[in-house]
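**Q**
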């Protein structure tokens, strides 16, 4: 073993030890019950909500995937992220407070209370698709890091990184996730931003840097208007139905804390998300003939391995923070939307936490299996996101803000099924050509983004169907049950 490899192992070993220790510290809190394990007792302070929200929004798909997209496409790739981040601020200010009034834990729970079991099952499947694909996509990033640094196999890389993440998440639950997310979020924010001036200095300064950038990479519309619209819709819809993000709002100690956390966290995320695309330009300037997926890795090593390990741990932090949040979210869906209501309604809190820990482990195994079969990092994130975003998000938003939709049992269900099915078909039909066009990149570039196919169908069925289905109602303020009274709770 070389001295550099030994040094890298020591640094990453220290990092992993900190994560494991935090998991063990918060084990007793997580043992108290399902609300403690999944939502940190709904008592998280503002700093933890902001930190966890930012860390959750950043993943391996951000630094590896988006830096790779920027390397191939240019600054126009920012549209893949920008719309969702702008939506995040609105979600925190208007959406989360209304949902908090319901005292729910999962999105399917809201559908169940208004419409019954079929809605809960369909929304469960759509939310599950998004979070499982995100977990799998992040696992790809984890494996890439260890293969790059230590020349190990995919299986060994996945075993180490995912194993550590699962351990502290299973042990400490939401409290451990919030604390580790906040620490890692600060590390990501500072470390990745610092790499930009260091890389520009390596090119010879600002003037030299500008001269090395191909003009096309500075064109914000070089991917075409259709793709920009598709990315924007996916980002906005994903954020609206992103249960992992929404549950961060549920962990807050009050609605006011949730609002402030999402506003500040949203602005931080919105502006920080230019970092991976600026880093991609640095990679183009310094390494004009590399694989796009190696853009961040090669940049991190421009000052040698001893400094580079710092930036590799930044990347590892993006992976671990995302996986820990997503597997906790999937666990809440399987245990609270499936196991408890249909198999063991009277399960004790203590036993439910044990089931949730077991579930966390097996969910991760499934995600890793998917990751090994699908190498496109960014696209793997978006597979489930498109299906959920086009099929469920519009319906979810409608039942929160539109009284009439809360009475449209058949239209809301049909909209979710038909919209998501159309999105799936759109992805299958175009998959081969999109993959060919993306050869060597980290994501597909679609002729017609599948969300543009599925979303209009969802909206048409939802809007037209709802008006037809509720045509005999005379609407007053009390016709459709408001969010809070539907659950017999009061806003906090």
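In UniProt numbering, the protein residues as written are 1 to 492.
Don't be surprised by glycine CBs; every beta carbon is placed ideally from N, CA and C.
It should be emphasised that the depicted structure is a prediction, and the values quoted were computed from it without experimental measurement.
Secondary structure at residue 81, three-state DSSP: helix, strand or coil?
**A** Here residue 81 is taken as the residue at index 81 of the chain shown, counted from 1. Correct three-state label for residue 81: helix.
**Q** Name the DSSP beta bridge partners of residue 44, please?
**A** Locating residue 44 in the chain shown gives position 44, counting from the first residue. Per DSSP, 252.
**Q** Leaving out five residues before and five after residue 155 in sequence, what residues of the same chain have Cβ atoms less than 8 Å from its Cβ?
**A** Position 155 of the chain shown, counted from the start, is the residue given in the question as residue 155. The answer is none, since no qualifying residue turns up.
**Q** Are the CB atoms of residue 462 and residue 395 within a distance shorter than 7 Å?
**A** Indexing the chain shown from 1 puts residue 395 at position 395. Indexing the chain shown from 1 puts residue 462 at position 462. The answer is yes: Cβ separation under 7 Å.
**Q** By Cβ distance below 6 Å, which residues in the same chain neighbour residue 363 in space, the five residues on each side in sequence not counted?
**A** Here residue 363 corresponds to residue number 363 of the chain shown, with the count starting at 1. Correct list, in chain order: 327, 330.
**Q** By DSSP, does residue 402 sit in helix, in strand, or in coil?
**A** Position 402 of the chain shown, counted from the first residue, corresponds to residue 402. Note: residue 402 maps to coil in three-state DSSP.
**Q** Counting pairs of beta carbons, one from the stretch 75-85 and one from the stretch 335-353, are three or more of them closer than 8 Å?
**A** In short, these stretches do not touch, since the Cβ pair count stays below three.
**Q** My output table needs one value for residue 26: the three-state DSSP class, helix, strand or coil.
**A** The residue given as residue 26 occupies position 26 in the chain shown. DSSP places residue 26 in coil when its eight states are reduced to three.
**Q** Using C-beta distances below 6 Å, list every residue in its chain close to residue 230, excluding the 5 sequence neighbours before and after it, in chain order.
**A** Stepping through the chain shown from its first residue, residue 230 is reached at position 230. Cβ within range, chain order: 449, 451, 452.
**Q** Out of curiosity, what's the CA-to-CA distance linking residue 369 and residue 136?
**A** On the chain shown, residue 369 is found 369 positions in, with the first residue counted as 1. On the chain shown, residue 136 is found 136 positions in, with the first residue counted as 1. Distance between the alpha carbons of residue 369 and residue 136 is about 8 Å.
**Q** For a quick check, are the C-beta atoms of residue 9 and residue 318 less than 7 Å apart?
**A** Reading the chain shown from its first residue, position 9 is the one you call residue 9. Reading the chain shown from its first residue, position 318 is the one you call residue 318. Cβ atoms of residue 9 and residue 318: not closer than 7 Å.
**Q** Please list the terminal residues of the continuous alpha helix (DSSP H) segment that includes residue 178.
**A** On the chain shown, position 178 is the one that residue 178 refers to. Residues 154-203.
**Q** So for residue 486, helix, strand or coil by DSSP?
**A** Position 486 of the chain shown, counted from the start, is the residue given in the question as residue 486. The pLDDT assigned to residue 486 is 48, lower than 50, so where the model puts this residue is not dependable, and the model offers no usable value.
**Q** Might you give, ordered along the chain, the residues of its own chain that have their beta carbon closer than 6 Å to the beta carbon of residue 297, omitting 5 neighbours on each side?
**A** Taking the first residue of the chain shown as position 1, residue 297 is located at position 297. So the list reads 148, once near-sequence residues are dropped.
**Q** In the structure shown, what three-state DSSP assignment does residue 302 receive?
**A** Along the chain shown, one-based indexing puts residue 302 at 302. Residue state, collapsed to three classes: coil.
**Q** Return yes when the Cβ of residue 16 is within less than 7 Å of the Cβ of residue 164, no when it is not.
**A** Sequence index remark: in the chain shown, residue 164 carries index 164 (1-based). Sequence index remark: in the chain shown, residue 16 carries index 16 (1-based). Yes; because the gap between Cβ atoms is below 7 Å, this pair is in contact.
**Q** On the three-state DSSP scale, how would you describe residue 441?
**A** Here residue 441 is taken as the residue at index 441 of the chain shown, counted from 1. Model confidence at residue 441 stands at a pLDDT of 49, short of 50, so the residue's coordinates are unreliable and nothing is read from them.
**Q** Quick check on residue 219: buried or exposed, where buried means 16 or more other Cβ atoms within 10 Å of its Cβ?
**A** Here residue 219 refers to the residue found at position 219 of the chain shown. Answer is exposed; the Cβ neighbour count stays below 16.
**Q** Does DSSP classify residue 287 as helix, strand or coil?
**A** Looking up residue 287 in the chain shown gives position 287. Residue 287 falls in the coil class under three-state DSSP.
**Q** Are the stretch 20-27 and the stretch 209-216 touching by the rule of at least three beta carbon pairs closer than 8 Å?
**A** No: the two stretches stay apart, fewer than three of their Cβ pairs being nearer than 8 Å.
**Q** For residue 386, count neighbouring C-beta atoms within 10 Å of its own C-beta (all shown protein chains included) and say buried if the count is 16 or more, exposed if not.
**A** Within the chain shown, the letter at position 386 stands for residue 386. Buried.
**Q** Just reading off the alpha helix (DSSP H) that residue 148 is part of, what are its end residues?
**A** Against the chain shown, residue 148 aligns to sequence position 148. Per DSSP, residue 148 belongs to the alpha helix (DSSP H) from 117-150.
**Q** Straight-line CA distance for residue 117 to residue 333?
**A** Locating residue 117 in the chain shown gives position 117, where the first residue counts as 1. Locating residue 333 in the chain shown gives position 333, where the first residue counts as 1. C-alpha separation (whole angstroms): 14 Å.
**Q** Can you tell me the Cα-Cα spacing of residue 90 and residue 119, whole angstroms?
**A** The residue labelled residue 90 in the question sits at position 90 within the chain shown. The residue labelled residue 119 in the question sits at position 119 within the chain shown. Computed Cα separation, rounded: 25 Å.
**Q** Report buried or exposed for residue 171, applying the criterion of at least 16 other Cβ atoms within 10 angstroms of its Cβ.
**A** Reading the chain shown from its first residue, position 171 is the one you call residue 171. By the neighbour-count rule (16 or more Cβ atoms within 10 Å), residue 171 is buried.
**Q** Can you tell me which of 232, 269, 455 puts its alpha carbon nearest to the alpha carbon of residue 425?
**A** By one-based count along the chain shown, residue 425 stands at place 425. Among 232, 269, 455, the Cα nearest to that of residue 425 belongs to 455.
**Q** Assign residue 472 to one of three DSSP states: helix, strand, or coil.
**A** Here the question's residue 472 lines up with position 472 in the chain shown. Here residue 472 sits in coil by DSSP.
**Q** Within a Cβ cutoff of 8 Å, which residues of the same chain sit near residue 308, ignoring the five residues on either side of it in sequence?
**A** Taking the chain shown and counting its residues from 1, one reaches residue 308 at position 308. Cβ neighbours of residue 308 beyond the five flanking positions: 300, 301, 302.
**Q** Measuring only the C-alpha atoms, how far is residue 250 from residue 42?
**A** Position 250 of the chain shown, counted from the first residue, corresponds to residue 250. Position 42 of the chain shown, counted from the first residue, corresponds to residue 42. Approximately 6 Å between the Cα atoms of the pair.
**Q** Where does residue 345 sit, in a helix, a strand or coil, going by DSSP?
**A** Indexing the chain shown from 1 puts residue 345 at position 345. Three-state DSSP puts residue 345 in coil, outside helix and strand.
**Q** Would you identify the three-state DSSP class for residue 31, choosing helix, strand or coil?
**A** Taking the chain shown and counting its residues from 1, the one referred to as residue 31 is at position 31. Helix.
**Q** Verify whether the separation of the beta carbon atoms of residue 314 and residue 228 is less than 7 Å.
**A** Taking the chain shown and counting its residues from 1, one reaches residue 314 at position 314. Taking the chain shown and counting its residues from 1, one reaches residue 228 at position 228. Not a contact, by the Cβ cut-off of 7 Å.
**Q** To the nearest angstrom, how far is it from the Cα of residue 18 to the Cα of residue 292?
**A** Indexing the chain shown from 1 puts residue 18 at position 18. Indexing the chain shown from 1 puts residue 292 at position 292. Taking the straight line joining both Cα atoms gives about 32 Å.
**Q** Per DSSP, what kind of secondary structure is residue 273 in: helix, strand or coil?
**A** The count along the chain shown starts at 1 and reaches residue 273 at position 273. DSSP places residue 273 in coil when its eight states are reduced to three.
**Q** Using 10 angstroms around the beta-carbon of residue 474, count the other beta-carbons present and answer buried if the total reaches 16, otherwise exposed.
**A** The residue labelled residue 474 in the question sits at position 474 within the chain shown. Label assigned to residue 474: exposed.
**Q** Are the Cβ atoms of residue 269 and residue 69 separated by less than 7 Å?
**A** Within the chain shown, numbered from 1, the residue matching residue 269 stands at position 269. Within the chain shown, numbered from 1, the residue matching residue 69 stands at position 69. The answer is no: Cβ separation not under 7 Å.
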